[in-house]
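For what it's worth, numbering that gives the first Met the number 0 labels the leading residue of the sequence shown as 0, then goes sequentially. Everything below concerns the one structure shown next.
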Amino acid sequence: MLFVASGASVAQSITMASTTSTEQSGLFGHLLPEFKKASGLDVKVVALGTGQAMDMARRGDADVLFVHDQTAEEKFVADGWGVKRYAVMYNDFILVGPKVDPAGVRGKDIVQALQKLASANGTFVSRGDKSGTHAAELRYWKLTGAEAAKGANYKECGCGMGPALNIAASSNAYVLADRGTWLNFKNRADLAVLVEGDTKLFNQYGVMVVNPARHPHVKSQDAQKFVDWVVSPAGQQAIASYKIGGEQLFFPNAGK
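And the structure:
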């Protein structure tokens, strides 16, 4: 942290609890320098699964929360932990697996794909970490009616998206991933995208300031500056301009 002459202000920073997908996709490396140019504020990111990021915010260990589990986010605000939830951007989830697709899941229907995977007793790597991706995965399994029959080859890693993809790559397994992390993932081995394009795979991100009424030490004014910027035309344009290999990773939709 930069300290300037006595009596002048200290370079400010806020702490953001966020998801491994926004960090591991490389988005923050692109976005946060733009915010600093606009505001002078540094942002320290703690990247966790969405559930853990929310726990961190409930403890008052973060000023702002940037995650992707809309139902849980709305409850977080309703319970008084956050001030207001703003939609920021979306991308989608994809089912990734071995190119040869031994379980025959390839297609557009995520529920049907998981049913086939359960029937074939295919190896599936679950994040198992209460992240937004894990929450989505559990919703899809519930819809299959095959939840209890996931089989012995259903492996929970209790890990972030990058490590889960690494495990899948090294063990020729299937895994639900967010597209952003997948596009930034280098160690693909024989993995390929097998299921995409199902409307159920839509993945919305939200941002909210931690409620200073619960935690008076929260830097709510500076946190609100980040929220205001990321949903502004400048912040939304910065999100849209982040691409890997010409492919856009996140699609801004603030105010939609």
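We put the beta carbon where it would ideally sit given N, CA and C, even for glycine. The model shown is predicted, which means the values in this text are computed figures rather than measured ones.
What residue range does the beta strand (DSSP E) around residue i cover?
{"i": "ALA56", "result": "Looking at the DSSP string, ALA56 is not in any beta strand (DSSP E); the run it does join, the alpha helix (DSSP H), is 49–57."}
{"i": "ASN186", "result": "Careful: ASN186 lies outside any beta strand (DSSP E) and carries neither H nor E."}
{"i": "ALA237", "result": "ALA237 -> not in any beta strand (DSSP E); alpha helix (DSSP H) instead, spanning 232–239."}
Going along the chain, which residues of its own chain have a beta-carbon closer than 8 Å to the beta-carbon of residue i, five neighbours each way excluded?
{"i": "GLY81", "result": "ALA56, LEU64, GLU72, PHE75, MET207, VAL208, VAL209, ASN210"}
{"i": "GLU261", "result": "Because the chain here runs from 0 to 255, residue 261 falls outside it and cannot be looked at."}
{"i": "ILE166", "result": "VAL124, LYS154, CYS156, CYS158, ALA172, VAL174"}
{"i": "ALA212", "result": "GLY79"}
Figure out for me which residue from the options has the closest Cα to the Cα of residue i.
{"i": "ASN171", "options": "ASP62, VAL99, GLY244", "result": "VAL99"}
{"i": "GLY244", "options": "THR21, ASP68, LYS255, GLY179", "result": "GLY179"}
{"i": "ARG315", "options": "GLY234, VAL110, LYS199, SER20", "result": "No information on residue 315 is available, as it lies outside the stretch 0 to 255 that the chain covers here."}
{"i": "TYR139", "options": "VAL95, GLY96, LYS199", "result": "LYS199"}
{"i": "VAL42", "options": "SER17, VAL66, GLY48", "result": "SER17"}
{"i": "GLY96", "options": "SER169, LYS242, LEU40", "result": "SER169"}
{"i": "ASN46", "options": "ILE238, ALA134, THR122, MET160", "result": "As written in the sequence, residue 46 is Ala, which differs from the Asn given in the question. It is MET160."}
{"i": "SER38", "options": "PRO215, LEU190, ILE13", "result": "ILE13"}
{"i": "ASP177", "options": "GLU136, PRO215, LYS115", "result": "GLU136"}
Tell me which same chain residues have a C-beta within less than 6 Å of the C-beta of residue i, skipping the five on either side of it?
{"i": "GLY50", "result": "LYS129"}
{"i": "GLY234", "result": "TRP228"}
What are the boundary residues of the alpha helix (DSSP H) that residue i is part of?
{"i": "LYS74", "result": "69–77"}
{"i": "GLU33", "result": "26–38"}
{"i": "GLY161", "result": "160–170"}
{"i": "ASP262", "result": "Outside the displayed range of the chain (0 to 255) lies residue 262, so it cannot be described from this structure."}
Starting from the C-beta of residue i, find all residues in its chain whose C-beta is less than 7 Å away, skip the five residues before and the five after it, and write them out in chain order.
{"i": "GLN223", "result": "VAL208"}
{"i": "VAL217", "result": "GLY59, ASP62, VAL209, PRO211"}
Report the CB separation of residue i from residue j in whole angstroms; it is logged as a contact under 8 Å.
{"i": "ASP91", "j": "ASN202", "result": "5 Å"}
message: For the stretch 105–116 against the stretch 215–235, do three or more pairs of beta-carbon atoms, one drawn from each stretch, fall closer than 8 Å, so that the two count as touching?
response: The stretch 105–116, when compared against the stretch 215–235, does not touch it at the 8 Å Cβ threshold.
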